[in-house]
Amino acid sequence: MADDYSIPGASAAQNQLLNEIAASLHVTTSQLSDVANDVYEYVTTGLQQETQGPASWVSYITPDITQDIRSAIKQESVSLGMTINTQAGRLKICSIKFTSGQPPTINKQVFYLRKEQVFEDIATRLSEFINSHELGPGPLPLGVNIDRPVEETSKLGGRVADNVDCGPFRNVDIAQALGAVILKKHLPVKVTSVTNCVISTLVAAQHRFQNTSVALILNHGINASYYEQTARIPKLQATTGRVAVNTELARYGEHSSVLMPTLWDHRLDRESANTGTHTFEKLVADKYLGEIVRNLITDFMDAQLIFPKNADASVLGEPYSFFTSYMTTMEDQSDDLREVGDLLRAGFNIHASLVDRQIVRALCHMVTMRAAKLVGAAVAGIVCRASADAAVVSISGQLTEMNQPYVTCTTDTAQSLVLGMGLSAPTFNILGEEGYTVGAALAAFSK
């Protein structure tokens, strides 16, 4: 049964609509258990030799990467990590230098890429980074991340594995293409790994928190990875060891009867650039949560149940104008919800009454809790698939820093469901916002 969100001082019509929305967004324990089991089957199906749905992509990275990193520490080695954001045209580069008895020295820098001759541009930015931080001598191992699923064609190479148009990166062996321009420019660098961001997050988490077996990214999108026994991966036809798996969790739900999107979710999907795909991501990720809230607020406005009738609705009427980051402000616990009022006035030119502020805060809370519970259920399904008793799960991404209630609800939900599956409750660690670029530098040490 959904919580009662009735607000003292609100009208009967306001409270009725508020509680109707709460009922629509409510997820029962039974439904969460179904989601956990469905995610388990989703990942299992993705590991088959032939699958009609989204695939779970297998990496060459293994838990033995920790031994390679320890060796690098002893040798006081230096490596480079790189994250290519194909959607934003952004490049993040970092270096990590180990010194005996000292914390590693990490340098980071962000660049924006040209659309033409992109690999040439990447090499130029790499050269600038190396020179500005006086790195060398080489060859420096370079681990490359990309924000797309990667089919790792060898221990050194990989290509983008989905059918989405990603410009110059589509159907290209990234290690070969980047290696060619690195050689051309005589850079003291050698590409030693190419992975998806969620695999490098697992590497970074395993280095920082020993025995990590599952990694979760709560960022603009969502994804998860874990270590799987090779004997349980039909597409590998191997019998020993464990390897890292990219679950492509964002795409879960495209063929599921378990998730139950609301009319607001259907509206968001219909108006999105990728209608019909990434169903789970649209319910839980930073990119979409604020837009769900905006749709709920505008429904209140259409019913004339919030804000003055002459309120300026022009900004709130713009898609994605209510940023998910605003939902942190909505956790305001003051009596007058001053911060909520200040945000609505500064961001939307709306002077909101106390009841209006309470309604907006309640809508944000509903959307946050539903998302967090669904993510917790997905994590439980992956932990079960990994057969990880007392699993160590590490979470990375900007939502870990800007929405603590989301993280707390996610971990509580996952722990409860995992216990119900007969496993010991997992331990959760927060890796921080930028785990994957450092993870790429650590993955560069893989042998």
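Residue 662 is where the sequence shown starts when you use my numbering, and the numbers rise one by one after that. Backbone N, C-alpha and C fix where the C-beta goes; we use that ideal spot for every residue, glycine too.
Whole-number beta carbon distance between residue j and residue i, since they are thought to touch under 8 Å
i: residue 782; j: residue 919; result: No, residue 782 and residue 919 are not in contact; Cβ-Cβ is about 44 Å, not under 8 Å.
i: residue 1046; j: residue 721; result: Residue 1046 to residue 721, Cβ: 20 Å. No contact.
i: residue 817; j: residue 852; result: 6 Å
i: residue 1053; j: residue 886; result: No, residue 1053 and residue 886 are not in contact; Cβ-Cβ is about 13 Å, not under 8 Å.
i: residue 811; j: residue 822; result: 6 Å
i: residue 1021; j: residue 958; result: 6 Å
i: residue 805; j: residue 745; result: 7 Å
i: residue 854; j: residue 1105; result: 6 Å
i: residue 980; j: residue 932; result: 7 Å
i: residue 923; j: residue 904; result: With 8 Å as the limit, residue 923 and residue 904 do not qualify as a contact, their Cβ atoms being about 38 Å apart.
i: residue 884; j: residue 909; result: 7 Å
i: residue 682; j: residue 1016; result: With 8 Å as the limit, residue 682 and residue 1016 do not qualify as a contact, their Cβ atoms being about 16 Å apart.
i: residue 730; j: residue 743; result: 18 Å between Cβ atoms; not a contact.
Cutoff 6 Å; reference residue i; Cβ partners in own chain excluding five residues on either side
i: residue 1127; result: Because the chain here runs from 662 to 1108, residue 1127 falls outside it and cannot be looked at.
i: residue 1018; result: 998, 1001, 1002
i: residue 774; result: 750, 752, 782
i: residue 1090; result: 870, 1055
i: residue 940; result: 914, 915
i: residue 862; result: 876, 878, 1057, 1096, 1097, 1100
i: residue 716; result: 707
i: residue 1042; result: 697, 700, 701
i: residue 1027; result: 683, 686
i: residue 1010; result: 973
Residue i - containing beta strand (DSSP E), residue span
i: residue 889; result: 883-890
i: residue 801; result: 801-807
i: residue 700; result: Where residue 700 is concerned, there is no enclosing beta strand (DSSP E), although the alpha helix (DSSP H) it sits in stretches over 690-707.
i: residue 743; result: 739-746
i: residue 1088; result: 1088-1093
i: residue 833; result: Note, residue 833: premise wrong, no beta strand (DSSP E); not H, not E.
i: residue 1055; result: 1053-1057
i: residue 903; result: 903-907
Start-to-end residues for the alpha helix (DSSP H) that takes in residue i
i: residue 1066; result: 1065-1081
i: residue 914; result: Careful: residue 914 lies outside any alpha helix (DSSP H) and carries neither H nor E.
i: residue 762; result: Unbroken run through residue 762: none, as it is neither H nor E.
i: residue 788; result: 779-793
i: residue 1009; result: 999-1009
i: residue 666; result: Unbroken run through residue 666: none, as it is neither H nor E.
i: residue 1096; result: 1096-1104
i: residue 1021; result: 1015-1046
i: residue 735; result: 726-735
i: residue 678; result: 673-686
i: residue 989; result: 987-990
Buried or exposed (CB count within 10 angstroms, at least 16 for buried), residue i
i: residue 996; result: exposed
i: residue 991; result: buried
i: residue 921; result: exposed
i: residue 926; result: buried
i: residue 672; result: exposed
i: residue 877; result: buried
i: residue 763; result: exposed
i: residue 699; result: buried
i: residue 725; result: exposed
i: residue 1081; result: exposed
i: residue 662; result: exposed
i: residue 847; result: exposed
i: residue 1069; result: exposed
i: residue 937; result: exposed
i: residue 1083; result: exposed
i: residue 976; result: exposed
i: residue 771; result: exposed
i: residue 857; result: buried
i: residue 1107; result: buried
i: residue 907; result: buried
i: residue 895; result: exposed
i: residue 789; result: exposed
Nonlocal neighbours in the same chain, by C-beta distance under 7 Å from residue i, ignoring five residues either side
i: residue 882; result: 911, 942, 946, 948
i: residue 966; result: 674, 675, 678
i: residue 693; result: 1034, 1038, 1074, 1078
i: residue 798; result: 849
i: residue 986; result: 1063
i: residue 759; result: 733, 734, 737, 738, 765
Short CB-CB distance (under 8 Å) between residue i and chain C
i: residue 834; result: Although the question refers to chain C, the structure presented lacks it and comprises just one protein chain.
Beta-carbon proximity list for residue i, same chain, < 8 Å, skipping 5 on both sides
i: residue 727; result: 867, 868, 871
i: residue 779; result: 828, 829, 830
Near the ligand GTP: residue i beta-carbon under 7 Å from a heavy atom
i: residue 805; result: The ligand GTP is absent from the structure shown, which contains no ligand whatsoever.
List, from N- to C-terminal side, the alpha helix (DSSP H) runs of 4 residues or more that fit wholly inside the segment 923-969.
If only complete runs of 4 or more residues are kept, the segment 923-969 shows the alpha helix (DSSP H) at 924-932, 940-945, 947-963, in order along the chain.
Which whole runs of the alpha helix (DSSP H) in the segment 835-873 are 4 residues long or more, in chain order?
835-845, 858-869
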